[in-house]
Amino acid sequence: MTANGKIALVTGASRGIGRAIALGLAQRGFDLALNDIAAQAEALKATADEARALGRRVEELHADVSDKGQVQAMVETAVERLGTVHAVVNNAGILRASDVEHCPEDYWDSVMDVNAKGTFLVVQALLPVMKAQGYGRICNISSIGGKHGAPEQAHYSASKAAVMGFTRVLAQEVGPFGITANCICPGIILTDMGRVNLDDPDVRGAWQAKTAMARIGDPGDVAGPVAFFCSDDSAFVTGQTLNVDGGIVLS
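Heads up: the sequence shown begins at 1 in the UniProt record's numbering, then just goes up one per residue.
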């Protein structure tokens with residue numbers, strides 16, 4: 001699987017799954033526009049430098065994906081500096097745990113704004129570019145939490161379920177333009193955000209026991225499936241949701 005000079009935009013690329021996706025795409029020949037918020041500038045530069053060391057062109061773009069103006073400026077800069085964008089991975093996401101009864105309204109709003117609205121805004125900004133070139137690969141990162149969820153994550157689950165529903169409709173709208181849209185649902189992955197589920201040894205052991213492969217996922221486990229959806233190997237695959245969870249959700 002090679003990119004043949006393709007260019008990918010990855011949001012939330014400074015660490016965790018986003019970093020692994022960025023480096024996985026770089027290893028497969030993609031040039032990259034890498035995004036995160038300004039507060040993550042140092043970590044984003046570290047990811048970008050690793051991708052550059054693989055011989056790729058890389059642009060670092062600071063933007064809050066929940067802000068339409070910042071998203072539009074990010075996309076315009078990516079196209080100006082790299083020529084176009086062939087693939088996008090909407091990975092930026094946050095989790096602020098709380099039960100439903102006590103969940104502050106700003107927790108709900110911020111999680112929905114980044115996880116669901118952010119995905120929408122990035123796609124919306126890129127569609128004119130992809131339509132004009134008659135080609136696009138959209139890979140949205142959801143979560144198995146959007147299918148089953150867990151206590152204190154109702155707002156997160158709702159946001160990730162929204163990403164799946166959005167992707168299914170998007171695929172139907174953009175297919176005639178040579179654009180595919182698919183979804184990845186990571187399972188329990190050992191990242192800074194994933195540790196919300198994994199700090200307690202008993203919780204970690206319980207999740208491991210639920211996984212057919214009897215282990216917790218690594219961010220690198222997500223990179224290959226994402227690269228597939230960003231490549232021409234998936235040219236006739238669209239509107240799909242793929243669980244990348246080691247066998248927790250068996251469907």
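All C-beta atoms, glycine included, are put in the ideal place defined by N, C-alpha and C.
Burial state of V129 is buried, judged by a 10 Å Cβ sphere holding 16 or more other Cβ atoms. Here S98 has P104, Y107, E152, H155 as same chain residues with Cβ atoms under 8 Å from its own Cβ, once five neighbours each way along the sequence are excluded. Residue pairing from DSSP places T180 in a beta bridge opposite R137.
Distance from the CA of D233 to the CA of N4, rounded to the nearest whole angstrom, comes to 12 Å. At the C-beta level, L34 and A46 stay beyond 8 Å of one another.
V114 sits in a helix when the DSSP states are folded into three classes.
Counting the other CB atoms within 10 Å of its CB gives G247 a total below 16, which places it among the exposed residues. Between N90 and I141 the beta-carbon gap is near 6 Å, inside 8 Å, which marks them as a contact. Taken through DSSP and simplified to helix, strand or coil, V10 comes out as strand.
Between A53 and S14, the gap from beta carbon to beta carbon reaches 8 Å or more. Taking K210 as the centre and dropping the five residues before and after it, the same chain places the C-beta of I248 closer than 7 Å to its C-beta, in chain order.
The DSSP-derived three-state label of E42 is helix. Considering only Q124, E76, A161, G136, the residue with the shortest C-alpha distance to V111 is A161. DSSP, read as helix, strand or coil, puts P225 in helix. Cβ-Cβ distances below 8 Å link G83 to I7 in the same chain, with the five nearest sequence neighbours on each side left out; the list follows chain order. The beta carbons of V122 and T191 sit no closer together than 8 Å. Residue nearest to A212 within the set D245, Q240, D221, D199 is D245 (criterion: CA-CA distance). In this structure, I138 sits near L170, with a CB-CB distance shorter than 8 Å. Contact between L242 and I188 fails: their C-beta atoms lie close to 16 Å from each other, not under 8 Å. In the three-state scheme derived from DSSP, where H, G and I count as helix and E and B as strand, T119 is classed as helix. Beta-bridge pairing by DSSP links T241 to C183. For E80, the uninterrupted alpha helix (DSSP H) run begins and ends at 68-82, by DSSP. In the displayed model, A53 falls within a helix according to three-state DSSP. Each residue's CA atom was taken as its position, placing R168 and Q240 some 7 Å apart.
Cβ-Cβ distances below 7 Å link G165 to nothing in the same chain once the five nearest sequence neighbours on each side are left out. With at least 16 other beta carbons inside 10 angstroms of its own, V65 counts as buried. Nearest C-alpha to Q70 among Q124, P176, H148: Q124.
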